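Enquirer:
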Amino acid sequence: MKPQLLRLLLMLLAASPMLAQTGSIKGKVSEEGTGNALSGATVTVSKKETPSNVIAGAITRSTGMYEIKDIPAGEYLLKTTYVGYKPFQTGVTVASGQITLQEVILNPDVVKLEEVVVVGAASRTQKSRAEVAVSRVDAVELQKGFTYTDVNQLLAGKIPGVSIAPSSGNIGGSTRFRVRSGGGLRGNGEPVMYLDGARVINADLGFFTAGGQVSSSLFDINPESITGVEVLKGPASAALYGTGGSNGVMMFSTRGGVGASGGEAIAVQYRGSVGYNEPQSEYTRDELLTYQDANSIFHKGYFNQHSLTLAGATSQFNYDVNLSSRVDNGIINNNHAERQGVKTSFEVQPVANMTLRLTGRYAGVELNRPANDNYLLGYLGNVLLFGPSVDSTGKEISNSFFFASKGAMDSIQNRTRNHRFIGSAEATYQPMDGLELRGVLGFDALDGSDDELFPPTSSYSRVGIRQGKRSVYNRSRTNMNIDASAGYSYSVTDGLAANSIVGMQLFRSMLRTFFITKEGLSSNLITAVDAATEFKDGAETQGEAREAGLFFQQEFSLDNIYSLSFGVRNDFASSYGTDAPSIFYPRVSAAVRLDKLDLLPSQFNFAKFRVGYGQSGQLPEGDDGVLRRWGKIESGFGIGADIAAIGNTKIEPERVQEFEVGLEFEISDAYGLDFTYFLQSATSSIIGFQNAPSTGQTANAIPTNVGAIDGWGFEAQAYATLLRTTDFGLQVNLNWTFADNEVTDLGGAPPLFGNANVIEVGLPRNSFYLPTILGAEFDSAGVLVGTRYKLDSNGLPMLEYKGRPDPTHSGSFSLTFDFLSYFRIYGLAEWGLGNSIFNQTNQFANTALSDGPNSLERRRLEVQLGQVPPNAYGDLGVTPLTPNTPEYVAAAERFVRTGTLDDDRGNWVEEADYFRVREISVAFDASSLVADFSDNNIKQASLAFSVRNVALFTKYSGKEVDLNNSGTTGIEQATDFLTLQSPRTLTMSLTLGF
Amino acid sequence: MKHTRITLSARALAAVVAAATLVGGCDSYVGNIQEPNNTIDDALLNSKTQVQFQITGVQSKFAMSHSVVTTLSGLVSDELVFGGPDATFPQFLEIDRRITSVLNAEVEDFNATIGQLRLLSDLLVDRVTTKIDFTDPKAGRVLPEDSALKEAALFTGYFYGGLARFWTASYLGLEPQKGGGAIDAGPFIPSAQMYDLAIEKWKLALQHTANDYQKRVLNTLIARAYLFNANYAMAGTHAAEGLTSADPDFQSLFTNTDNGSNGYWFFYAGIGRTQMIPAQRFSDYVTENPAEANRVKLMPSPKDTAVNIQGRYPEQNSPIPLVSWQENSLIRAEVELLGNSNPNGALEYVNAVRASHSLASLESFSKDALITERDKELSFTGNRLIDQNRFDSWSASLPAGFWHYIPLSKTERDNNPNF
């Protein structure tokens, strides 16, 4: 007999007596108050003397039942945990050969106090113990009734202190994140993002931007595969993540086999959604003379989404495999998206003290962008700007589609195609009691291309394209991160527990790009770039950025009442100046459980006061730390050298520090509040010093660590369970955020402009900063001759604050109403106060770009003021006015208030407070009915109807408040220049589980 | 106890060593990145193998700048007007109305392009004189081909450095009627002194020419600068050494690619897109005398045949003449007419120019005729604005205080401590 077989036989023989001395525990897990069965709850058994050492466990089935077999007879501790409920534990006795019955009733956890959340680079704890503000989004719960296009939609309006707004209504378009008061003076405001431990690419995509819009790389991620999102909102909590943590950290987690299968060994779930997008509102003649042409370009866009999940769980191994597909059409031609993906995860517990988790996902994505924004071939530009001509009979003749016919625009192809793989391997190991080692290897590879085609069969001569044009841009972008940490928990004295953590993070990002543009396609059938005759443009780039950090954190907890932690990170990055000093980021935080001090009435079942401080930063750009770099310049003389970048070898990150103080409490297990006040201060902000043009050093502004900005505000989240019975449940949630900021120093640099927005001392970041119009200027005869501006000491129009692009107050209110055990109604409303939008569309629509402005009011004024012959525009119901009359003066004043020169842009900055009914859904969960009917073969069946962007109420005269014509980043913000409105989306979804 | 202390010390030492290793490792990790392949560090250009690359860089910057300054100066003058089938840019409208804001983005670009040409030119001279050793290491001396390369670099640097100063004098203004600019964020230099600085550079370039054609080009340019400074004597002297009828134009050269094209003319005032069109008088010139079409290049817009657009630069790669023998002759004519009060002497030069376009000779000549001849002959080459300023031939209907120049931009005013 071979030794291995012999050993196996001996093991089996040795095990036999044990089997004869075991028993079982079984029972049902249900919800307190309603008695509803809870499916997917985790039930574990451990010895009383070693409670952290789980020896067996099970997951409850759809009926709420569980059973744990083969437990050696003895005294045990049985623990039950379930997301959204407070954990339960009790002692049980297992007798040999017996089945012990143990019912479990779980209390809802209103403010999710017992959920384990990330509170630092390698630190996790229950939310009830967290010393910093951390938000968690329960993506599974949200998606029970709602189908989201992408993760950006999933998160919008759900996280206090975090604003998520698309820059256009394009399907898969880019999204701007604003966390608290913005983190720092510069940077793109984007939080660092992790998906199952892999630091993911969240860059905008789209080389040929078809206007100002690009696409979001986060569209590649199927939101239905997301279980939860945890958010750290600033340096106080994210300091140990290093530079970049100033805008917070978002950690997406996907569901493993346990959650997906409901504890079954094999479970299959299908979810299908169909629906359509439609415009939220139409144009009228009072807005634009070309309203009919404008409305004609919109239509319903249909979509469908399908997702199939195979999952299973055993005590030592769980898995899930998810296949998904989405095909989506926007409200305008050429706005089409497809996403097909597969996602897998495997979690193994080879031994009790080790867990291995492997996740991998692939997505194939195609995004077609319609041309819009500041672009000659944009749909909106060609129907909103060019007013009609009027013939001799007074008939209006359309000048729409001025730069190209609609057919020619429809023929334009602007497409991004991605292949994306995101994978991670995570291992946790407890080699000895109290010591935990954790390592993560994350990888995100995004290979793709952007294609642009102007077919030769259409005419684009008005923009200088002759006989077709073909462009191809290829990108290969890779992120790789290694995170490793060791944490050791120990007791210092009785009641004083400590935890020491050391760790390291390495991050590498690589990007290679190549593009080529040629013109002169011979045929619209063969559109490969080599079928075009004339080379127009091309480029190749390669680049790499690296970051590294070492961190240490020390945590103390006294009697589970008082806690204190502090830490420091030594940070490294390739973009730091070659002469920059070493960078350290410290943090410290503390909390006290007020409810355990017997200071509060007994109704307070939880109360915590916390305070935190930390530092982080904003990285310099890639070439900021290099003195001067040269690139190429091209002409008929050949290719020569030209200055490409001018940097600063002493450049270091902008230093952002944050202080926060918070109060959390829960009353009567039904009402909760989580309030945080924050104070941010950024110094050494990187300001680009524009050199005087006469220096010639104007390739870029010189980065210099001289700026400063302060930010402050609060975020509050209030929960209430207003009703909870067997048949009815009503929960409401209110988020309210106040965030403000003021630029305090630019180091003497002049204001930094981005169209109408500015970064200027004494103003909120990205304020609108434009000349002030005093009124009309008349000559001695009372005839309008111009505009009077408020002038500065140089006699130039004085620039003044005209508004800000971001709301100071924003928030959301959601309501979830469960009734008759089967139905759920959910609604979400959002609002913003104090923000403005630059309506550049109206500025240009009021300009006489063709045969007169595209505004009825402006044409009437021109007639009244004698700017054009009385019948120039046909019969508009007005006649020329006489100078010096009150009517004339009033018309003149209105005329200059609708002036359209650059110095008149202040006319077009509008207040844009808004209230929006963002989401409404009705879901019918017939799982229990269908389970009975199908003899439990069909375990899940639900049907949901949902509407997104239901209604918008705003002071703004445009169609949308979530937009920016030049995408998400940059100084220019909240500018509506021919930008596509977001669609209203109606969805019906069906979920079946087997 | 002794043993314990040693152990603790060893552990502390090990911890310090481990920490230092990790810190050093992190530092090394972030420093070991792949270099970009589309840009290089400045120091790598300090090699004679890179001199031609830099010469071409200066030439290309000249071409790009030339496209900008000739169009926008034409818009400030009465040569081009904002309009045409595709006119939408308010920045161009402002410039055309001469109510130009210093914030105007086109003003910013105009200032920047001249400054960049000046810097690249001056850096090239500095690099070849102070940073590059042309000595051949084997021969121990400067080889003839390397000497020629250095001479070419110096010619290029001085030639285009002079041109950048000339453009500053001609097109930029601190105030609506106060022409001139700054160099390297220095004090304001009025046009007259800036012309002198241009002449100074061009005279240095004369010491590094490779052939007589280059000498004649330089002499014509120097004559032009003296002429604009109303120094007829020196203008005449240098024009006498300037281009002759056998010489081709000295031009900026372009490609049909997006980056190397004559973009401002083609995409703002040409077939590619039309936001600026020639003033009506150019069409009238041709209507009155069809032979004028030989030098007043117009063509109907393909998008609206009722509108004439400039036809001098029909393609993206159409070259722009910087200087021609015809201009040299007109300089000589002006010197005769206004410097020497010799209209008949001037006629000889003017008629030679006209004959080159098969135009009948003039029988008499005057200042107005000179201005008209220059308007036609030098149309769309950036000369009209200078002529309007020096002859003060502006329309009476322009608003009070209108800009005679492209303003020094707000960035110059904000970042030059002298303003």
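Top line first, the protein sequences correspond to chains A and B.
Per the numbering used here, the first sequence starts with residue 2, numbered consecutively.
Per the numbering used here, the second sequence starts with residue 325, numbered consecutively.
Just so you know, even glycine gets a beta-carbon here, dropped at the ideal spot from N, CA and C.
None of the values given here were measured: they were computed from a predicted structure.
For the region 463–474 of chain A, which residues have a CB atom closer than 9 angstroms to at least one CB atom of chain B, in sequence order?
Expert: 463, 464, 465, 466 and 467
Enquirer: Got a sec, what are the start and stop residues for the beta strand (DSSP E) residue 718 (chain A) sits in?
Expert: 703–725
Enquirer: For a contact defined as C-beta to C-beta under 8 angstroms, what are the partners of residue 652 (chain A) on chain B?
Expert: Simply none; closest approach about 14 angstroms.
Enquirer: Please tell me whether residue 422 (chain B) has its Cβ less than 8 angstroms away from any Cβ of chain A.
Expert: no
Enquirer: By the three-class DSSP mapping on this structure, what secondary structure does residue 653 (chain B) have?
Expert: helix
Enquirer: By the criterion of Cβ-Cβ separation under 7 angstroms, what are the contact partners of residue 536 (chain A) in chain B?
Expert: 581
Enquirer: Would residue 959 (chain A) be called buried (16 or more neighbouring beta carbons within 10 Å of its own) or exposed?
Expert: buried
Enquirer: Closest Cβ-Cβ distance between residue 436 (chain B) and chain A: below 8 angstroms?
Expert: yes
Enquirer: Quick check: what's the CA-CA separation for residue 325 (chain B) versus residue 333 (chain B)?
Expert: Bear in mind that the predicted position of residue 325 (chain B) carries a pLDDT of just 42, short of 50, making it unreliable; the figure below should be weighed with that in mind. For residue 325 (chain B) and residue 333 (chain B), the distance between alpha carbons rounds to 12 angstroms.
Enquirer: What would DSSP say about residue 475 (chain B), mapped onto helix, strand or coil?
Expert: helix
Enquirer: Contact defined as beta carbons within less than 8 angstroms: I believe residue 27 (chain A) pairs with residue 77 (chain A). What is the distance between those atoms, to the nearest angstrom?
Expert: Not a contact, Cβ separation roughly 14 angstroms.
Enquirer: Can you give me the C-alpha to C-alpha distance between residue 730 (chain B) and residue 490 (chain B), rounded to a whole angstrom?
Expert: Between the alpha carbons of residue 730 (chain B) and residue 490 (chain B) lies a distance of about 14 angstroms.
Enquirer: Less than 6 angstroms between C-beta atoms, sequence neighbours within five positions excluded: which residues of the same chain meet that for residue 723 (chain A)?
Expert: 731
Enquirer: Below 8 angstroms on the Cβ atoms is my guess for residue 502 (chain A) versus residue 554 (chain A); work out the distance and round it to an integer in Å.
Expert: About 4 angstroms separates the beta carbon of residue 502 (chain A) from that of residue 554 (chain A), a gap short enough to meet the 8 angstroms contact definition.
Enquirer: Does the beta-carbon of residue 100 (chain A) have 16 or more other beta-carbons within 10 angstroms, so that it is buried, or is it exposed?
Expert: exposed
Enquirer: Please state whether the Cβ-Cβ distance between residue 445 (chain B) and residue 504 (chain B) is less than 8 angstroms.
Expert: no
Enquirer: Taking the alpha-carbon positions, what's the residue 714 (chain A) to residue 952 (chain A) distance?
Expert: 28 angstroms
Enquirer: Where residue 217 (chain A) and residue 364 (chain A) are concerned, what is the direct C-alpha to C-alpha distance, given to the nearest angstrom?
Expert: If I take the Cα positions, the gap works out to 14 angstroms.
Enquirer: According to the neighbour-count rule (16 or more other Cβ atoms, all chains shown, within 10 Å of its Cβ), is residue 511 (chain B) buried or exposed?
Expert: exposed
Enquirer: Just to confirm, is the Cβ distance from residue 961 (chain A) to residue 829 (chain A) under 8 angstroms?
Expert: In this structure, residue 961 (chain A) sits away from residue 829 (chain A), with a CB-CB distance that is not shorter than 8 angstroms.
Enquirer: Put residue 333 (chain B) into one of helix, strand or coil per three-state DSSP.
Expert: helix
Enquirer: Taking the alpha-carbon positions, what's the residue 901 (chain A) to residue 634 (chain A) distance?
Expert: 36 angstroms
Enquirer: From the DSSP secondary-structure annotation, give me the bridge partner or partners of residue 355 (chain A).
Expert: A:352 and A:430
Enquirer: Are the CB atoms of residue 523 (chain A) and residue 457 (chain A) within a distance shorter than 8 angstroms?
Expert: yes
Enquirer: Mapping DSSP to helix, strand and coil, what is residue 741 (chain B)?
Expert: coil
Enquirer: Does the Cβ of residue 527 (chain A) have 16 or more other Cβ atoms within 10 Å, making it buried, or fewer, making it exposed?
Expert: exposed
Enquirer: Consider the Cβ of residue 623 (chain B): report whether some Cβ of chain A lies at a distance smaller than 8 angstroms.
Expert: no
Enquirer: From residue 572 (chain B) to residue 686 (chain B), what does the alpha carbon distance come to, in whole angstroms?
Expert: 24 angstroms
Enquirer: The beta strand (DSSP E) with residue 498 (chain A) in it runs from where to where?
Expert: 497–522
Enquirer: Check the Cβ-Cβ distances between residue 631 (chain A) and every residue of chain B, and say whether any is below 8 angstroms.
Expert: yes
Enquirer: Under a CB-based cut-off of 8 angstroms, is residue 699 (chain A) close to chain B?
Expert: yes
Enquirer: Which residues in chain A sit within 9 angstroms of residue 500 (chain B), going by Cβ to Cβ distance?
Expert: Ordered by position in chain A, no residue passes the 9 angstroms Cβ test against residue 500 (chain B), which lies about 10 angstroms from the chain.
Enquirer: Do the region 338–351 of chain B and the region 603–615 of chain A meet, that is, are 3 or more Cβ pairs less than 8 angstroms apart?
Expert: no
Enquirer: Any beta-carbon of chain C closer than 8 angstroms to the one on residue 642 (chain A)?
Expert: Here chain C cannot be found, since the structure's protein chains are A and B.
Enquirer: What's the C-alpha gap between residue 429 (chain B) and residue 415 (chain B)?
Expert: 7 angstroms
Enquirer: Just curious, the beta strand (DSSP E) that residue 755 (chain A) is in, first and last residue?
Expert: Start and end: 753–755.
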